[in-house]
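Written below as structure tokens is the structure these notes are about.
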Amino acid sequence: MRKDPEGGKFLRRRAVGAASLAITAILAFASVAILFVIVGHVVVNGIGSLNADFFTQIPKPYGESGGGIAQAIMGTVMMLLLAALIAIPFGVGTAIYIVEFGRGRFAELVRFAVELLAELPSIVVGVFVWALVVRNLTGYSGIAGSLALAIIMIPIIARGVEEILKLVPDSLREAALALGTPKWKVVVFIVIPTVLPGILTGIMLSVARAAGETAPLLLTALGNSFFNFDLRKPMAAMPLQIYTYAVSPYDDWHAKAWASTLVLIGLVGILSGAVKFFTRRWKHESQ
Amino acid sequence: MSPNEGQATGAEASDGRMMRSLSDVIQDRGLEQRVEQDLGKGIQIRGLSAFYGTHQALEGIDFDINPGVVTAIIGPSGCGKSTMIRCLNRMHEVIRGASVTGSVLVDGQDIYAPDANPTRVRRNIGMVFQKPNPFPTRSIYENVITGLRLNMRRKAKHEYDEVVEKSLRAVALWDEVKDKLHDSGTALSGGQQQRLCIARAIAIEPEILLLDEPASALDPTATMKIEDLLFELKTRYTIVLVTHNMQQAARASDITAFFLADERHIGHLVESGPTRQIFMTPSDKRTEDYISGRLG
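Top line first, the protein sequences correspond to chains A and B. Counting along the first sequence from 1, when you hit position 17 you're at 17 in our numbering, and nothing is skipped either side. Counting along the second sequence from 1, when you hit position 273 you're at 273 in our numbering, and nothing is skipped either side.
Next comes the structure, spelled out in structure tokens:
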């Protein structure tokens, strides 16, 4: 039998390889497991309280059974819509400025500021809106809540869209410029249509992120146990409703907190699913 | 044969072969008479220097481009030939930090004059790039009329139809795509995409057509079609062709300009003249070295 001169090293390499694979696989499994434990726990605890009333009724006072979080779902949707309307032009505009028009130090400064804004703790945003808007202008209101959410969304949109715009090859911009197209038309008619699905993805990610924000709403929208379609008045939101139910001493409300959490996770899940759907279709189409 | 002997005699022999093969492809197309006629617009380049930030890429270029002929710009990589052609329609300055000094006269007007509008300049000068770059979100039809749609007065549908057919016929693409005009332009082959890009450039009816290594990303068959196209197009446009392929310059051009970077990596025009003269009897030693394959 021939002896492999490198036999010992070969075995050792294989052992190291197998160990690396095992360790990374266990870590990856643990990360995924955390998600499943959370979602599983929420489903087990929350599914029992879910029924049609939960989506159509407002909360009942403690002691009465039934009731729902319809006003919170509605408040969240209304405030998210208004926040998106505010944040989209600012976020997309900032990204277009940074990538397409910005030159030199000012553009660098804008990019740096956007990064800082993205890293700002959300409670700081809440305090800021409370101090400037709630105290001076509107009082606790849906508008103030929307503003706080918009401030959370702007840097997320700006950074997402910035990355997407950078994916557009310069050769496309040059092709359009060489036809005698002014720069703004190149951006509006060539660059943006090319990456529109990616831009929508960035916007939806920011909406999904804002949907779960609690801290900025505590100090701005305040919460409401009744239906309120008036954005000038305090407004309910799902994260606030979860908070209210969770800190209460009642078992029935705890169960409702779980159920509300389940609905919120469902909403964020639907948004993320839509994002995935858009990106996949986009990739498919661009091939 | 010792290696030293081989170098000397071998190089001469290969020179001879190269000269013969190039002389086969250079065609006499009655250049002298063509230059006299007024076909499209000429370009006069005067004291042109180009920069990328602080790095100078071209220095002191003085060069006339005659109307109605194909002018080839050749030279090794990094000699500034692409920079040169991008200076002719003010596309050089699109790159961040890039700048130009000197002047380029098109039809007697300096396109670098303070009141010259780069957007307007580019509408009279079409450009085709190294890599085919059709707009991916637009159909073949829409790609051709992008320039009209974005930058010209609105036209009726049948007028757009006419422009599309005329432009695609001019690049010999009409028969291949007439049944799928509304398919995406990116679904075409590389050579078809490049001809689509040429169609897009001539749809706005420029007077000058700039081609920056238009065939370098294409296979030999597609390359041949592009070169054939140049013969057709030069009756209507003043064409400037950048190429690193000397055979292509010899085959497709009437006038050749040879560019070379000096030891500071700054590009200069070494010499220019009728293609036959540049390839057969270059007056500069460096041109001869490059043509014969000893340089670059």
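C-beta atoms are modelled at their ideal positions from N, C-alpha and C, and glycine is treated no differently. Given the structure is predicted, the values throughout are model-derived calculations rather than measurements.
What does the Cβ neighbour count give for Gln247 of chain B, buried or exposed, with the cut at 16 atoms within 10 Å?
With fewer than 16 other Cβ atoms within 10 Å, it is exposed.
Cα-Cα separation between Val104 of chain B and Val163 of chain B, rounded to whole angstroms
Across the structure, Val104 of chain B and Val163 of chain B are spaced so that their CA atoms are roughly 30 Å apart.
Give the interface partners of Glu174 of chain A over in chain B, defined as CB-CB distance under 7 Å, in chain order.
Met91, Val94 and Phe129
Residue environment, Phe226 of chain A, which counts as buried when at least 16 other CB atoms sit within 10 Å:
exposed
Does the separation of the CB atoms of Pro239 of chain A and Leu222 of chain A fall below 9 Å?
Contact flag unset, no.
For the beta strand (DSSP E) that contains Val70 of chain B, what are its first and last residues?
Val70 to Ile74
In chain order, what residues of the same chain lie with their CB nearer than 7 Å to the CB of Ala203 of chain B, ignoring the 5 residues before and after it?
Taking Ala203 of chain B as the centre and dropping the five residues before and after it, the same chain places the C-beta of Val144, Ile145, Gly147, Leu148, Val163 and Ser167 closer than 7 Å to its C-beta, in chain order.
Length at least 4, wholly inside the stretch 181 to 244 of chain A: the alpha helix (DSSP H) runs in chain order:
196 to 211 and 215 to 218
Judging by CA-CA distance, which residue of B:Val171, B:Ile61 and B:Gly108 is the nearest neighbour of Val100 of chain B?
B:Ile61
Kindly say whether Ile204 of chain B, judged by its beta-carbon, lies nearer than 9 Å to any beta-carbon of chain A.
A Cβ of chain A is located within less than 9 Å of the beta carbon of Ile204 of chain B.
With DSSP collapsed to three states, give me the class of Gly102 of chain B.
strand
Compare the Cα-Cα distances from Gln71 of chain A to each of A:Gly63, A:Ser171, A:Asn224 and A:Ile26 and report the closest residue.
The shortest C-alpha separation from Gln71 of chain A is found at A:Asn224.
Could you check if Phe10 of chain A is buried or exposed, using at least 16 other CB atoms within 10 Å of its CB as the buried criterion?
exposed
Judging by CA-CA distance, which residue of B:Leu210, B:Ala249 and B:Asp228 is the nearest neighbour of Thr238 of chain B?
Selection B:Leu210, B:Ala249 and B:Asp228 evaluated against Thr238 of chain B yields B:Leu210 as nearest (Cα-Cα).
Threshold first: 4 residues or longer. Then list the alpha helix (DSSP H) segments lying entirely within the stretch 124 to 170 of chain A, N to C.
142 to 166
Within the same chain, show all residues whose beta-carbon is closer than 6 Å to that of Thr138 of chain A, passing over the 5 residues directly before and after it, in chain order.
Ala144
For His182 of chain B and Ser189 of chain B, I'd like the C-alpha separation in whole angstroms.
Roughly 16 Å between the two C-alpha positions.
From Leu120 of chain A to Phe259 of chain B, what distance separates their C-alpha atoms?
For Leu120 of chain A and Phe259 of chain B, the distance between alpha carbons rounds to 54 Å.
Is the Cβ of Gly191 of chain B closer than 9 Å to any Cβ of chain A?
no
In whole angstroms, what separates the C-alpha of Ala83 of chain A from that of Thr83 of chain B?
Linking Ala83 of chain A to Thr83 of chain B through their CA atoms gives a straight-line distance of about 47 Å.
According to DSSP, what are the bridge partners of Ala50 of chain B?
B:Leu58 and B:Val100
Between Val177 of chain B and the rest of its own chain, which residues show a CB-CB distance below 6 Å, the 5 nearest in sequence each way excluded?
Ile140
If you follow the alpha helix (DSSP H) that Phe118 of chain B is part of, which residue opens it and which one closes it?
In the sequence on display, residue 118 of chain B carries Pro and not Phe. Here the alpha helix (DSSP H) through Pro118 of chain B covers Pro118 to Arg123.
Start and end of the alpha helix (DSSP H) containing Val164 of chain B?
From DSSP, the alpha helix (DSSP H) with Val164 of chain B extends over Lys157 to Ala170.
Which of helix, strand or coil does DSSP assign to Gly267 of chain B?
strand
Residues in its own chain within less than 8 Å of Lys225 of chain B by CB, not counting five upstream and five downstream?
Excluding sequence neighbours, Lys225 of chain B sits near Ala172, Gly191 and Arg195.
One or two residues paired with Asp262 of chain B in a DSSP bridge
For Asp262 of chain B, DSSP assigns no beta-bridge partner whatsoever.
Asp289 of chain B vs Glu207 of chain B beta-carbon contact at 9 Å
no
Could you tell me the boundaries of the beta strand (DSSP E) in which Val114 of chain A lies?
No beta strand (DSSP E) holds Val114 of chain A; the alpha helix (DSSP H) holding it covers Gly104 to Glu119.
Does the distance from the C-beta atom of Gly102 of chain B to that of Leu48 of chain B stay below 9 Å?
yes
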